[in-house]
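Engineer: Residue numbers (our numbering): 11 to 271. Built from N, CA and C at the ideal position, the CB exists for glycine as well. Let me give you the structure first, and then I'll get to my questions.
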Ligand SMILES: [Zn+2]
């Protein structure tokens with residue numbers, strides 16, 4: 011078994027004459043992922059690539075069968091990223107067949123990876139998908155509706171950094187961070203929406219310790235998201251119990267909570 015705790019961040023593809031810069035970038039980044047990257051879900055040493063333009067995903071793990079989409083850009087990883095067809099995305103979310111998402115920033119001059127995060131598919135909820143305007147009637151695919159993934163809405167727990175500013179994260183830490191939230195997969199789409207939202211709100215407090223009063227402070231935001239729910243405070247308490255049962259946080263007594271390391 012090779013030790014991939016030290017990923018080689020450089021692209022090694024021969025400089026074939028690709029038709030366009032975006033095409034060559036695609037060849038570099040996918041080639042890099044297939045050669046260097048391990049599976050952040052199960053730790054298998056290698057990921058395989060799907061044939062080009064496969065509708066399913068870009069990469070998959072032969073051991074745990076996780077599917078991955080790889081989005082690459084030259085610019086800083088921002089608040090949102092352009093993805094495929096909006097309708098297809100919603101269908102795949104509903105059937106939980108959407109892939110997990112790698113977002114890469116690469117350095118074109120150095121031909122190397124600068125940043126890479128992975129968002130496990132269990133963090134994807136409909137709230138994260140933004141519908142784009144249909145393409146103009148003059149466009150080649152007139153009327154086609156794409157979507158953006160709102161990366162800024164993914165809680166920190168769901169943004170797993172594999173490479174940051176050219177520094178490679180320890181593989182064990184990456185795997186542990188993935189495992190810590192894998193319980194979300196067992197939760198239905200609606201329940202997952204609540205959990206992910208509350209996890210994000212707790213992280214936004216910026217503290218390891220917090221109280222039930224802090225958590226009740228999320229009620230207005232949650233009521234706005236789930237206007238049909240008349241028992242938001244109860245629901246918050248219930249979600250905190252789920253997060254405790256799953257080991258994401260602990261109760262330290264008398265309405266006080268602590269995030270597990
Ligand atoms: Zn795997």
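State the CB to CB distance for the pair residue 141 and residue 157, rounded to an integer number of angstroms; the pair is presumed to be in contact (CB under 8 Å).
Structural biologist: On the chain shown, position 131 is the one that residue 141 refers to. On the chain shown, position 147 is the one that residue 157 refers to. Indeed they touch by this definition, with Cβ atoms about 6 Å apart.
Engineer: Between which two residues does the beta strand (DSSP E) harbouring residue 129 extend?
Structural biologist: Within the chain shown, residue 129 is the residue found at index 119, counting from 1. Residues 122 to 129.
Engineer: For residue 107, count neighbouring C-beta atoms within 10 Å of its own C-beta (all shown protein chains included) and say buried if the count is 16 or more, exposed if not.
Structural biologist: By one-based count along the chain shown, residue 107 stands at place 97. Flag for residue 107 reads exposed.
Engineer: Distance, Cα to Cα, residue 188 vs residue 168?
Structural biologist: On the chain shown, residue 188 is found 178 positions in, with the first residue counted as 1. On the chain shown, residue 168 is found 158 positions in, with the first residue counted as 1. Residue 188 and residue 168: Cα-Cα distance of roughly 8 Å.
Engineer: For residue 142, which of helix, strand or coil comes out of DSSP?
Structural biologist: As a first step, residue 142 must be located in the chain shown, where it is residue number 132. In this structure, residue 142 counts as coil in the three-state DSSP scheme.
Engineer: Is residue 110 near ligand 1 - that is, is its Cβ less than 6 Å away from at least one heavy atom of it?
Structural biologist: Translated into positions along the chain shown, residue 110 becomes position 100. No; taking the cut-off as 6 Å, the Cβ of residue 110 has no heavy atom of ligand 1 nearer than that.
Engineer: Going by the DSSP bridge assignment, what does residue 116 pair with across the sheet?
Structural biologist: By one-based count along the chain shown, residue 116 stands at place 106. In DSSP, residue 116 forms a bridge with 123.
Engineer: Below 7 Å between beta carbons: does that hold for residue 50 and residue 184?
Structural biologist: Taking the chain shown and counting its residues from 1, the one referred to as residue 50 is at position 40. Taking the chain shown and counting its residues from 1, the one referred to as residue 184 is at position 174. Taking 7 Å as the Cβ cut-off, residue 50 and residue 184 qualify as a contacting pair.
Engineer: Compare the C-alpha of residue 121 against each of 111, 166, 85 and 20 and name the closest.
Structural biologist: The residue given as residue 121 occupies position 111 in the chain shown. Measuring from the Cα of residue 121, the nearest candidate turns out to be 20.
Engineer: How would the residue list near ligand 1 read, in chain order, if you kept each one whose beta-carbon is closer than 6 Å to any heavy atom?
Structural biologist: The filter returns 49, 51, 52, 54, 71, 73, 74 and 76, in chain order.
Engineer: Between residue 11 and the rest of its own chain, which residues show a CB-CB distance below 7 Å, the 5 nearest in sequence each way excluded?
Structural biologist: Stepping through the chain shown from its first residue, residue 11 is reached at position 1. The pLDDT assigned to residue 11 is 43, lower than 50, so where the model puts this residue is not dependable, and the model offers no usable value.
Engineer: Given the structure, does residue 221 come close to ligand 2, in the sense that its CB is under 6 Å from one of the ligand's heavy atoms?
Structural biologist: In the structure shown, ligand 2 is absent; the only ligands present are ligand 1.
Engineer: By the DSSP assignment, the beta strand (DSSP E) with residue 259 in it spans what residues?
Structural biologist: Taking the first residue of the chain shown as 1, we reach residue 259 at position 249. That run of the beta strand (DSSP E) goes 259 to 263.
Engineer: Out of curiosity, what's the CA-to-CA distance linking residue 308 and residue 82?
Structural biologist: Nothing about residue 308 can be read from this structure; the chain reaches only from 11 to 271.
Engineer: If you drop the 5 nearest sequence neighbours on each side, which residues of the same chain put their C-beta closer than 7 Å to that of residue 220?
Structural biologist: In the chain shown, residue 220 corresponds to position 210, counting from 1. Contacts found: 212 and 267.
Engineer: Going by CA-CA distance only, name the one from 180, 259, 227 and 164 that's closest to residue 137.
Structural biologist: Taking the first residue of the chain shown as position 1, residue 137 is located at position 127. When each option's Cα is compared against that of residue 137, the closest is 164.
Engineer: Please report the Cβ distance between residue 253 and residue 205, rounded to the nearest whole angstrom; I am assuming they are in contact, meaning their Cβ atoms lie under 8 Å.
Structural biologist: For this step, residue 253 is matched to residue 243 along the chain shown. For this step, residue 205 is matched to residue 195 along the chain shown. Right, their Cβ atoms sit about 7 Å apart.
Engineer: Got a sec? Which residues, its chain only, sit under 8 Å from residue 95 by beta carbon, not counting five neighbours each side?
Structural biologist: Taking the chain shown and counting its residues from 1, one reaches residue 95 at position 85. Result list for residue 95: 154, 155, 156 and 157, in chain order.
Engineer: Under 7 Å, do residue 193 and residue 249 count as touching if we go by C-beta distance?
Structural biologist: Within the chain shown, residue 193 is the residue found at index 183, counting from 1. Within the chain shown, residue 249 is the residue found at index 239, counting from 1. Not a contact, by the Cβ cut-off of 7 Å.
Engineer: Do residue 215 and residue 224 have their CB atoms nearer than 7 Å?
Structural biologist: Numbered from its first residue, the chain shown carries residue 215 at position 205. Numbered from its first residue, the chain shown carries residue 224 at position 214. Yes. Within cutoff.
Engineer: Distance check for residue 229 and residue 202, CA to CA, integer angstroms please.
Structural biologist: For the purposes of this step, residue 202 is taken as the residue at position 192 of the chain shown. For the purposes of this step, residue 229 is taken as the residue at position 219 of the chain shown. Cα-Cα distance, rounded: 17 Å.
Engineer: May I ask which residues mark the beginning and end of the alpha helix (DSSP H) holding residue 98?
Structural biologist: Residue 98 sits at position 88 when you count from the first residue of the chain shown. 96 to 104 is the span of the alpha helix (DSSP H), which, as asked, contains residue 98.
Engineer: Report the residue ranges of all alpha helix (DSSP H) runs contained in full by the region 132 to 203; include only those spanning at least 4 residues, in chain order.
Structural biologist: Segments of the alpha helix (DSSP H) lying fully in the region 132 to 203: 181 to 190.
Engineer: Can you tell me which of the three DSSP states residue 84 falls into?
Structural biologist: Reading the chain shown from its first residue, position 74 is the one you call residue 84. The answer is coil: DSSP assigns residue 84 none of H, G, I, E or B.
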